[in-house]
Amino acid sequence: MKFTLSWLKEHLETTASVDEITYALTDLGLEVEGVENPAAKLSAFTLAKVKHAEQHPDADRLRVCTVETDEGDKQIVCGAPNAREGITVVLCKPGDYVPGIDVTLSVGKIRGVESHGMMASERELELSDEHNGIIELPSGEVGQSFADWLAENDPAKVDPVIEIAITPNRPDALGVRGIALDLAARGLGTMKPAKTAKIDGTFPCPISVTIAEDAATEGCEVFAGRLIKGVKNGPSPEWLQSRLRAIGLRPISALVDVTNFFTYDRNRPLHVFDAGKVAGGLTIQRTKGGETMVGLDEKEYTFAPGMVVISDDNGVESVGGIMGGLATGCTLETTDVFLEAAVWDRIQIAMTGRGLKINSDARYRNERGIDPAYNMQALDDATQMIMDLCGGEPSDVVVAGKVPDVSRAYKLDPARVISLVGMNIPEAEQRRTLEALGFRLEGDMAWVPSWRPDVLGEADLVEEVARIASLTKLQGEPMPRAHTGVPKPILTVAQRREQIARRTTAALGYNECVTYSFIDQAGAALFGGGTDATMVANPISSEMSHMRSNLLAGLLQAAARNQARGFMDLALFEVGAVFSGGEPGEQAVQVAGLLVGRTGPKDVHGAARAVDLFDAKADAEAVLSAIGAPAKTQVFRNGEAWWHPGRHGQVCLGPKKVLATFGELHPRVLEAMDVKGPAVAFTIAPAQVPEPKNKTATRPALVVSDLQAVERDFAFVVDNGVEALTLVNAAAGADKALIEGVRVFDEFTGDKAEAQMGAGKKSIAVTVRLQPVDKTLKDEDIEAVSKKIVEKVSKATGGTLRG
Amino acid sequence: MSDLREKYLTLIAGASDEATLEDIRLQAVGKKGEVALKMRELGKMTPEERQVAGPALNALKDEINSALAAKKSALSDAALDERLRAEWLDVTLPGRERRQGTIHPISQVSEEVAAIFADMGFAVAEGPRIDTDWYNFDALNIPGHHPARAEMDTFYMHRAEGDDRPPHVLRTHTSPVQIRSMEAHGAPLRIICPGGVYRADYDQTHTPMFHQVEGLAIDKDISMANLKWVLEEFVKSFFEVDDVELRFRASHFPFTEPSAEVDIRCSWEGGALKVGEGDDWLEILGSGMVHPKVLQAGGIDPEVWQGFAFGMGIDRIAMLKYGIPDLRAFFDSDLRWLRHYGFSALDVPTLHGGLSR
Chain D
102 MKFTLSWLKE HLETTASVDE ITYALTDLGL EVEGVENPAA KLSAFTLAKV
152 KHAEQHPDAD RLRVCTVETD EGDKQIVCGA PNAREGITVV LCKPGDYVPG
202 IDVTLSVGKI RGVESHGMMA SERELELSDE HNGIIELPSG EVGQSFADWL
252 AENDPAKVDP VIEIAITPNR PDALGVRGIA LDLAARGLGT MKPAKTAKID
302 GTFPCPISVT IAEDAATEGC EVFAGRLIKG VKNGPSPEWL QSRLRAIGLR
352 PISALVDVTN FFTYDRNRPL HVFDAGKVAG GLTIQRTKGG ETMVGLDEKE
402 YTFAPGMVVI SDDNGVESVG GIMGGLATGC TLETTDVFLE AAVWDRIQIA
452 MTGRGLKINS DARYRNERGI DPAYNMQALD DATQMIMDLC GGEPSDVVVA
502 GKVPDVSRAY KLDPARVISL VGMNIPEAEQ RRTLEALGFR LEGDMAWVPS
552 WRPDVLGEAD LVEEVARIAS LTKLQGEPMP RAHTGVPKPI LTVAQRREQI
602 ARRTTAALGY NECVTYSFID QAGAALFGGG TDATMVANPI SSEMSHMRSN
652 LLAGLLQAAA RNQARGFMDL ALFEVGAVFS GGEPGEQAVQ VAGLLVGRTG
702 PKDVHGAARA VDLFDAKADA EAVLSAIGAP AKTQVFRNGE AWWHPGRHGQ
752 VCLGPKKVLA TFGELHPRVL EAMDVKGPAV AFTIAPAQVP EPKNKTATRP
802 ALVVSDLQAV ERDFAFVVDN GVEALTLVNA AAGADKALIE GVRVFDEFTG
852 DKAEAQMGAG KKSIAVTVRL QPVDKTLKDE DIEAVSKKIV EKVSKATGGT
902 LRG
Chain P
73 MSDLREKYLT LIAGASDEAT LEDIRLQAVG KKGEVALKMR ELGKMTPEER
123 QVAGPALNAL KDEINSALAA KKSALSDAAL DERLRAEWLD VTLPGRERRQ
173 GTIHPISQVS EEVAAIFADM GFAVAEGPRI DTDWYNFDAL NIPGHHPARA
223 EMDTFYMHRA EGDDRPPHVL RTHTSPVQIR SMEAHGAPLR IICPGGVYRA
273 DYDQTHTPMF HQVEGLAIDK DISMANLKWV LEEFVKSFFE VDDVELRFRA
323 SHFPFTEPSA EVDIRCSWEG GALKVGEGDD WLEILGSGMV HPKVLQAGGI
373 DPEVWQGFAF GMGIDRIAML KYGIPDLRAF FDSDLRWLRH YGFSALDVPT
423 LHGGLSR
């Protein structure tokens with residue numbers, strides 16, 4: 102919302118400076134977005150008088166003038182036809198910046214004659230497009246500031262333009278008068294009485310108005326209008342044109358400019374029809390769908406069913422409250438004008454406006470809310486202005502519908518205001534504030550002014566009082582803790598786990614990423630997502646169309662981007678939400694880590710190597726352990742399709758509860774994601790990890806034996822398909838009391854192994870650690886348990902001790 | 073006998089390696105060595121002679137033995153010195169490569185915020201990112217055709233044909249968590265809700281996903297003055313400055329009344345933000361007293377309870393605090409960016425140890 106200082110002063114009697122006004126506006130909640138002060142760029146220029154002018158010796162069109170300035174007489178060469186003795190001019194001195202020609206002046210020589218400055222035209226000072234000659238002022242003293250002279254004699258030219266942001270609750274501030282009211286309530290001046298006209302029609306209105314039944318509810322509340330016949334349309338007067346121009350509007354013609362004036366002056370959109378082009382009466386009705394109309398913006402609009410429009414016998418002539426039609430629009434030839442003032446349903450305006458994609462000043466205001474109580478008076482006020490500017494004779498008013506009664510009152514509870522705001526605002530001040538804003542107080546009930554649709558309860562009264570009192574003055578007041586003493590921990594188990602998982606993964610050398618929650622359909626589909634259930638209806642691009650079902654998709658895309666930048670070895674991770682469906686709650690936290698390339702750059706120690714699934718497994722296990730997963734888990738295969746079928750594992754508690762998956766990614770997935778392998782990854786579902794049952798911090802007592810532990814190695818020949826874990830579990834089960842641990846230390850596979858041990862065979866070697874508890878082990882004890890181990894392993898795997 | 077002593081001490085001193093030394097030992101004090109032979113001669117002596125020669129021989133044996141031991145140790149020291157002289161490595165070679173992980177600024181700053189508010193008794197609440205339009209809008213006093221809905225650039229979820237429910241939304245703010253927390257816990261209540269939010273906007277300063285933290289405090293006598301104090305304390309603690317000036321400006325949010333936008337005094341001298349000094353104002357958050365309709369929507373009686381709510385951008389305050397220039401880079405996962413702006417795994421922000429180093 103833009104307005105000028107002088108426009109504001111039409112409604113507000115004030116001596117406040119622009120700075121005081123803009124500070125107050127922002128503080129009141131009408132945030133100033135910009136102030137344009139034309140006087141600022143004119144500040145250097147002063148008045149001067151041409152004492153003498155004579156022909157330039159070498160140029161027909163130039164004159165050499167002697168100019169009286171505040172710094173004495175100066176010689177200035179001038180090409181303007183009106184440069185002559187005796188006139189008062191605007192002087193630009195060497196060193197001054199002249200905005201209209203974008204030049205900083207210096208002393209120059211024009212065809213051999215020195216010139217000490219210039220005398221400006223209006224265009225050169227960006228005051229208008231006038232450039233037929235230099236400015237001649239009817240008054241003024243030599244040396245006087247030109248900006249001051251303008252402020253005194255032609256204030257519109259140096260009128261500061263203020264632009265404010267309007268929050269959706271303040272339609273009243275979409276009119277200059279509403280802004281003035283806020284400032285007056287703050288004490289920055291007093292309101293001038295509104296200009297009100299009383300028009301008596303001299304003849305019946307020949308155009309009838311009707312609200313069809315289908316538009317009577319949630320369509321149009323009241324539709325009023327009158328004919329003004331015999332008008333002479335033309336350009337509006339300069340004061341009105343310059344006012345509209347100052348706020349960025351293009352003057353069109355007197356009739357149209359009047360409606361724009363009311364739009365900005367009183368937040369009161371109006372419409373004028375060329376009555377000569379209206380066929381029959383005007384009816385407000387809903388569209389059936391498919392009708393078309395060319396709007397005043399010369400675009401054709403096609404209506405969906407149920408939009409509220411104004412029609413005559415020729416069809417749709419106006420999108421009510423949003424935009425008029427071109428066919429019945431006023432032109433310079435218009436002689437009979439039908440002036441419309443209506444109150445529309447706000448929701449209906451919003452829907453129709455959105456449906457047609459029209460963003461007009463009228464829609465903006467009708468959607469946020471105009472003052473319905475002003476409807477009939479607005480008709481008279483605008484009629485008066487039209488008659489003042491264009492002449493004409495007014496008809497009686499025709500009305501369909503009824504001005505809605507929006508009167509309502511809420512209780513002002515002064516103690517509640519103080520309690521909520523925390524500022525000691527006396528009751529009398531609270532009442533004064535509300536009255537200044539147009540509320541009417543009856544006892545403790547405050548009646549809301551008709552132009553404030555946002556005030557809908559007691560809380561809104563509090564806001565008004567606080568706003569005017571100024572929240573800037575609010576002093577902070579300590580808020581005691583809810584409980585005294587040392588604060589208790591506030592994170593839930595899940596939140597702690599998320600944090601620990603994140604920091605553990607980072608400690609393992611992964612860089613944390615935060616990627617978008619939505620990815621492209623193809624990428625989502627590679628990881629079991631990409632269905633309609635997780636589709637965004639209005640994505641910002643096809644790259645962001647589906648909610649991710651797995652973090653790996655985003656991490657792989659991140660890896661590909663980094664590889665394109667030349668970083669081939671990557672360790673990336675993310676902790677974030679993944680979506681199994683489109684309903685609230687169909688989301689879970691996932692921890693995902695991705696290793697790509699080598700474990701590190703080529704190095705002097707030869708330690709770097711390609712990453713493999715055991716890196717991912719170790720990291721997954723470290724994170725699982727950090728978040729409290731049980732040490733004893735099972736590893737299954739048959740994970741999802743994005744893993745390498747033979748090179749992945751699922752860490753499970755039972756066949757259904759998958760805590761984590763690790764492994765190589767499927768080569769097709771890598772290819773689709775444009776990631777150059779090798780690439781291994783893990784994903785963890787922290788929510789699947791059982792919550793700790795033990796609520797105490799106390800650890801179980803440490804049990805250690807003083808007796809010497811014994812380690813024995815066993816190498817077994819087994820079938821290639823036998824899994825090490827089966828073998829380990831079998832060995833460990835041979836004597837649970839004695840065997841403390843079983844660790845795989847060698848695997849021998851491949852051609853050489855098969856050559857030695859037979860086709861389809863491999864060897865797995867384990868170390869078994871025996872920890873006696875009550876007596877030192879003798880050779881025969883060890884012999885006995887060794888035998889049992891071999892038996893158990895043979896039974897479980899079909900393997901034999903390697904000879 | 074003194075010849076013998078002289079002879080062996082000289083030999084020992086001259087020995088150049090341990091083998092020679094062993095030969096000398098056998099020759100001198102071995103079972104068949106010269107000293108042993110001399111010892112045998114003791115039997116042939118008179119008791120008087122023996123009384124003199126015996127201790128002398130024993131003393132000689134001891135002396136030779138300790139000379140041998142000293143020489144042996146000297147030889148082994150020399151040998152070790154020699155070996156160590158040969159064992160030279162180029163210590164300027166790099167150590168074994170170790171990957172250095174990092175924590176994303178959004179995670180770090182979220183933890184910083186949680187640490188500060190935890191101290192003031194706020195718990196951390198979470199909610200779904202896909203939510204119903206009721207939680208995201210209606211419950212927050214943003215009815216169906218409120219202009220604020222259109223202005224929020226909402227992402228909607230697809231609706232299957234035949235499913236006539238209003239489409240779910242990607243939450244446009246963390247405020248729905250307020251409602252869910254009120255429903256779940258009632259009053260009194262103190263929570264913050266950090267998390268990702270979504271708006272259909274993408275340009276220099278907007279990304280379709282960003283992060284907010286919402287605060288909510290409800291009790292019987294909480295006022296806007298308390299809100300100001302809490303925010304002052306937060307800003308001081310978060311930006312790690314001793315003093316800060318906050319400016320409350322009246323504004324409008326459908327879910328609070330009165331509402332205020334909050335600016336902090338700052339300076340941008342030399343392009344670097346300094347909080348608490350200077351003549352500029354930086355808008356950092358929106359806040360206000362919870363609207364009675366919002367309390368009602370959360371099942372809390374507005375006649376009894378009142379409180380404040382505020383919301384601010386986590387990414388934004390991270391950018392301000394750590395001087396990160398571009399929001400879009402937060403979500404690009406550029407390794408160089410992650411390493412430069414990321415935090416060490418063990419840099420857990422705490423109030424007692426400091427939020428940042």
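First to last, the protein sequences are chains D and P.
Going from the first sequence to my numbering is simple: count from 1 and add 101.
Going from the second sequence to my numbering is simple: count from 1 and add 72.
We put the CB at the ideal spot given by N, CA and C, even for glycine.
query: Local Cβ density within 10 Å of Leu-240 of chain P, reported as buried at 16 or more and exposed below that; result: A small fix is needed here, since residue 240 of chain P is His in this sequence, not Leu. Burial call: buried.
query: Close beta carbons around Glu-134 of chain D, own chain, < 8 Å, minus the five adjacent residues each side; result: Glu-264, Ile-265, Ala-266
query: For Glu-341 of chain P, the first and last residue of its enclosing alpha helix (DSSP H); result: Segment: none, Glu-341 of chain P is in no alpha helix (DSSP H) and carries neither H nor E.
query: Contacts around Lys-152 of chain D, its chain only, beta-carbon distance under 6 Å, and the 5 residues preceding and following it disregarded; result: Thr-167, Glu-169
query: The stretch 607-633 of chain D: positions lying closer than 9 Å to chain P by Cβ; result: Ala-607, Ala-608, Leu-609, Gly-610, Tyr-611, Asn-612, Glu-613, Cys-614, Val-615, Thr-616, Tyr-617, Ser-618, Phe-619, Asp-633
query: Every unbroken alpha helix (DSSP H) within the stretch 839-865 of chain D, with a cutoff of 4 residues, ordered by chain; result: 852-858
query: Own chain, CB closer than 7 Å to Arg-162 of chain D, minus 5 neighbours either side, in chain order; result: Gly-180
query: Three-state secondary structure (DSSP) of Met-408 of chain D; result: coil
query: Cβ distance (whole Å) where Glu-441 of chain D is taken to contact Leu-371 of chain D below 8 Å; result: 6 Å
query: Between the CA atoms of Ala-833 of chain D and Thr-734 of chain D - distance to the nearest angstrom; result: 15 Å
query: Member of D:Tyr-475, D:Ala-451, D:Pro-473 whose CA lies at the smallest distance from the CA of Arg-464 of chain D; result: D:Ala-451
query: Nearest residue (CA-CA) to Lys-292 of chain P, options P:Ala-259, P:Arg-112, P:Val-313; result: P:Ala-259
query: Spatial neighbours of Phe-680 of chain D in its chain, beta-carbon cut-off 7 Å, leaving aside the 5 residues before and after; result: Thr-635, Met-648, Arg-649, Ser-650, Glu-687, Gln-688
query: Residue interval of the alpha helix (DSSP H) (run including His-905 of chain D); result: No answer is possible for residue 905 of chain D: the residues shown for chain D start at 102 and end at 904.
query: Neighbourhood of Met-486 of chain D by C-beta, 6 Å cutoff - its chain only, sequence neighbours within 5 removed; result: Val-359
query: is_contact[Asp-398 of chain P, chain D] using C-beta, thresh 9 Å; result: no
query: Neighbour flag for Val-71 of chain D against chain P, beta carbons, 9 Å; result: One cannot answer for residue 71 of chain D here, as it falls past the ends of chain D, which runs 102 to 904.
query: Three-state secondary structure (DSSP) of His-749 of chain D; result: strand
query: Cβ shell of Val-185 of chain P (< 6 Å), same chain only, five flanking positions each side left out; result: Val-285
query: C-alpha gap between Pro-527 of chain D and Ser-107 of chain D, whole angstroms; result: 34 Å
query: For Leu-542 of chain D, the three-state DSSP class (helix, strand or coil); result: strand
query: 9 Å Cβ cutoff met for Glu-494 of chain D and Thr-303 of chain D; result: yes
query: C-beta atoms of Val-366 of chain P and Gln-378 of chain P nearer than 9 Å; result: no
query: Pick from D:Leu-126, D:His-584, D:Ala-638 that is closest to Glu-233 of chain P, judged by C-alpha positions; result: D:Ala-638
query: Three-state secondary structure (DSSP) of Phe-680 of chain D; result: strand
query: C-beta neighbour in chain D for Arg-112 of chain P, strict 9 Å; result: no
query: Member of D:Ser-144, D:Val-705, D:Ala-474, D:Glu-392 whose CA lies at the smallest distance from the CA of Leu-457 of chain D; result: D:Glu-392
query: C-alpha gap between Lys-503 of chain D and Phe-324 of chain D, whole angstroms; result: 8 Å
query: Secondary structure of Glu-418 of chain D, DSSP reduced to three states; result: strand
query: Between the CA atoms of Gln-250 of chain P and Met-580 of chain D - distance to the nearest angstrom; result: 20 Å
query: Candidates P:Gly-167, P:Pro-119, P:Met-254, of which the one nearest Ala-708 of chain D by Cα; result: P:Gly-167
query: Separation of Ala-742 of chain D from Phe-628 of chain D, as counted between CA atoms; result: 8 Å
query: With 16 other Cβ atoms within 10 Å as the buried cut-off, status of Arg-262 of chain P; result: buried
query: Endpoints, the beta strand (DSSP E) within which Met-281 of chain P is located; result: 281-291
query: Residues bridged to Val-384 of chain P (per DSSP); result: Checking the sequence shown, residue 384 of chain P turns out to be Met, not Val. P:Val-285, P:Leu-357, per the DSSP bridge assignment.
query: Residue-level contact to chain P via CB, Met-648 of chain D, 9 Å cutoff; result: yes
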